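Numbering (our numbering), first residue to last: 764 to 898.
Think of the CB as a built atom: it goes at the ideal place given N, C-alpha and C, for glycine as much as any other residue.
Nothing here was measured: the structure is a model prediction, and the numbers come from that model.
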């Protein structure tokens, strides 16, 4: 499970970490060090430090290290979110990509338009929740 975030640790991060703990999985959280370091105590307090791995750096480069991702949460506030959509290596047997802060995108291009050329069986839906979600 991968989360690529511009906001550091959010309630979504906590929820994904709890899901990883319940399923015996691991959450890889990719973002900027200054945003994440401020909130790491939340994980210690909730016994979630063993199910999350923080990776710092350029998300477009870091994501290339991971293959067959089964679940990804991508923040559209990131300037290069379209590049992430094109670069991410999802599990061909089935995966889910959750796109949040969808209304912050400035490009006018939908997630489905970006990935339809990847030969994936894409089904998508936009939900009017918060800043907009796209599954």
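Next item on the list: Can you give me the Cβ contacts of residue 823 inside the same chain, cut-off strictly under 7 Å, excluding the 5 residues immediately before and after it?
Entry: Position 60 of the chain shown holds residue 823. Same-chain partners within the cutoff: 843, 846, 847, 850.
Notebook entry, point to check: Can you give the beta carbon distance from residue 779 to residue 836, rounded, assuming they're within the 8 Å contact cut?
Noted result: For the purposes of this step, residue 779 is identified with residue 16 of the chain shown, where counting begins at 1. For the purposes of this step, residue 836 is identified with residue 73 of the chain shown, where counting begins at 1. Right, their Cβ atoms sit about 7 Å apart.
Checklist line | Proximity below 9 Å, CB of residue 767 to CB of residue 826 | finding: Translated into positions along the chain shown, residue 767 becomes position 4. Translated into positions along the chain shown, residue 826 becomes position 63. Yes, these two residues count as a Cβ contact at 9 Å.
Margin query: Within the continuous alpha helix (DSSP H) that includes residue 729, where are the two ends?
Written below: Residue 729 lies beyond the range of the chain shown here (764 to 898); nothing can be said about it.
Notebook entry, point to check: Hey, residue 794 and residue 770: beta-carbon distance below 9 Å or not?
Noted result: Locating residue 794 in the chain shown gives position 31, counting from the first residue. Locating residue 770 in the chain shown gives position 7, counting from the first residue. Against a cut-off of 9 Å, the Cβ pair of residue 770 and residue 794 comes out as a contact.
Notebook entry, point to check: According to DSSP, is residue 811 helix, strand or coil?
Noted result: Translated into the one-based positions of the chain shown, residue 811 becomes position 48. Residue 811 falls in the coil class under three-state DSSP.
Check: For residue 861, which residues does DSSP report across the bridge?
Finding: Here the question's residue 861 lines up with position 98 in the chain shown. Beta-bridge pairing links residue 861 to 836.
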